[in-house]
């Protein structure tokens, strides 16, 4: 990037800590949207790095030698035409002519407004994969860059989307900020001993992140910023671990008599893994510092029983326990099951959700409250809070978990997940927690195979439903959306196709809590054979007679969700089966290939990348922009060692 042009000489430099209002075009509304993703200053903006980058070739004109490659072409709009397809769908085709000779087409599906956005004669840069159809060239996955965009270098950058902010506008603001930032006032990084090689001045590194000459230059800069982010992460993890060890926690010791009473309340035979986890939790609850444990286990390994064993140790001393669940359906089911286990024990088991909100909770006696986000909001008091249990931690951010913890006086914390966490992510997200892992399944609980079924073979899925029902089983049918307007793959459309043949029930998040409970009770009791719903069925719904789950449009679900859905069946005496209907995506193929949740977690991370898994909602850190736990494990381990060495007295 030029550093001495006329614009730079006549425009005041931007201070790194200047508010984003100093960047032309960023008004109050845009400031609010940017602040929502942690961008408040000019330095924040230039450190909003691309999430993806790919090598490309810059061409003056389409070239047969570049077919199949990602390319960037400059062309003038020669013509624009729109064609309407069946079902009110559309196809807009834009023909560009290159100054270097030749033309190429770019097609956009279901974006009819683009016909008006591109006038004949407009000059634009376009990126996409070059293909040849007969004598014509096309760009597949074409992206028309903003007017005036001047990307350079043979690399394509893709920035994370920001709600309410057009990608083209974001790039314009970034270009202005990079052009006018006072780099001399950007503070140098503070790094522990042994990482000095990553302490380069930020100017060239920032430019290489946003306007690299090639992939190698971008990757060199990315690793530098990844180290800086890892230092911040591990410093925070180290502070959290030391703070927890230094804060006294209430002691909830478990002697032999209490251990026998607790086991008598849990109507299950614990596996060796469960027993080991329970013993770890009891040791941690005995103090002297507050417990922080991550309990991870594959679907069906019995995490809830372990959590209740820990909760009963706290309840036995008269304290209260808060159990945070991600959905009302799961909170309701936990409440129903555990209330049965503890009937006559003197423990008050209550439910607090958006659909069953209480103005207040009992102020005396041992209290176990199951709830959802409603526990975090309002002025609800949790008296004498001794333990916080967070189920399905990936549904909650760190800040949400802390909001619940802060309702008590340094309570013990148990975080659970049925989505096993790759060790790289565990280093970043839960480095301050002890980890307990459940791999064994309770006696009689068998693995459930998943089979792929193309959409055109849907009648085979219906025959499988018929066979399961005829044998006395129950069937889940899960759809990606409610689809009240008859959307293909929507719950309402699938329900209409099945209810003439089977006794069907309907469950989705928009139904009142009472109606959901009624339908689920009918399903358990056998008054309903087929339960059709959305992913509200994903977590924790326990019906031992369910033997088949059919997932409609399975390619629209993530690996973790598909694995969770598979875990809804085969919980009784009969083997379960999961049918994944629709296109065979990489995610669908992975779930069909293995039943090991830990292997699937690694596959999920590799397919999705760290971007989705390291967002603010997942990690609680607003500034992880460059770090990639898949590719940067060597850096993570090196940084962790350096930070730990510096922290030692």
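Residue numbers (the numbering used here): 398 to 1046. Beta carbons are placed, not taken as given, at the ideal position from N, Cα and C, and that holds for glycine. Values in this document were obtained by computation on a predicted structure and should not be read as measured data.
Per DSSP, the continuous beta strand (DSSP E) segment holding residue 975 begins and ends at 974-978. In the three-state reduction of the DSSP assignment, residue 692 falls in the strand class, which pools E and B. For residue 529, no alpha helix (DSSP H) encloses it; the enclosing beta strand (DSSP E) starts and ends at 520-530. Beta-bridge annotation (DSSP): residue 836 is not paired with any residue. For residue 540, the pairing in a beta bridge is given by DSSP as 524.
Between residue 513 and the set 494, 504, 478, the nearest pair of CA atoms involves 478.
According to DSSP, residue 848 shares a beta bridge with 976. Residue range 564-577 is occupied by the alpha helix (DSSP H) that includes residue 564.
Proximity of the stretch 687-696 to the stretch 830-839 meets the contact definition, three or more beta-carbon pairs being nearer than 8 Å. A straight-line Cα-Cα distance of about 55 Å links residue 1043 and residue 459. Contiguous alpha helix (DSSP H) elements confined to the stretch 400-477 occur at 403-407, 425-432, 439-443, taking only those with 4 or more residues. One Cα belongs to residue 769, the other to residue 550, and the distance between them is close to 49 Å. By the Cβ rule, the stretch 836-850 does not count as touching the stretch 906-918, because fewer than three pairs are nearer than 8 Å. By the beta-carbon neighbour count (other beta carbons within 10 angstroms, threshold 16), residue 609 is buried. With respect to the 7 Å criterion, residue 766 and residue 747 are classified as neighbours on the basis of their beta carbons.
Distance between residue 686 and residue 594, taken at the CA atoms: about 38 Å. The C-beta distance from residue 450 to residue 568 rounds to 14 Å, too long to fall under 8 Å, and the pair is not in contact. With 16 or more other Cβ atoms inside 10 Å of its own Cβ, residue 717 counts as buried.
Remark: C-beta atoms of residue 809 and residue 646 approach each other more closely than 7 Å. Rounded to whole angstroms, the Cβ separation of residue 879 and residue 929 is 11 Å, and the two are not in contact under 8 Å. Scanning 944, 749, 932 for the CA closest to the CA of residue 955 turns up 932. Within the model, the alpha-carbon separation for residue 614 versus residue 605 is close to 6 Å. Between residue 711 and residue 783, the C-beta gap is smaller than 7 Å, which places the two residues in contact. Proximity of the stretch 864-877 to the stretch 889-907 meets the contact definition, three or more beta-carbon pairs being nearer than 8 Å. Considering only 444, 1037, 503, the residue with the shortest C-alpha distance to residue 472 is 503. In the structure shown, residue 645 adopts extended strand secondary structure according to DSSP, grouped into three states. Shown here, residue 831 sits in a strand according to DSSP, grouped into three states. The alpha carbon of residue 476 has as its nearest neighbour, out of 453, 776, 520, the alpha carbon of 520. For residue 719, the enclosing beta strand (DSSP E) starts and ends at 717-721.
Rounded to the nearest whole angstrom, the C-alpha separation of residue 438 and residue 624 is 22 Å.
Taking C-alpha positions only, residue 516 is separated from residue 499 by approximately 19 Å.
According to the DSSP assignment, residue 503 belongs to no alpha helix (DSSP H) but to the beta strand (DSSP E) extending over 500-506. With respect to the C-alpha of residue 908, the residue from 726, 554, 461 having the closest C-alpha is 726. If you compare the alpha carbons of 957, 953, 992 with that of residue 978, the shortest gap goes to 953. For residue 989, the uninterrupted alpha helix (DSSP H) segment begins and ends at 983-990. For residue 915, the uninterrupted alpha helix (DSSP H) run begins and ends at 910-922, by DSSP.
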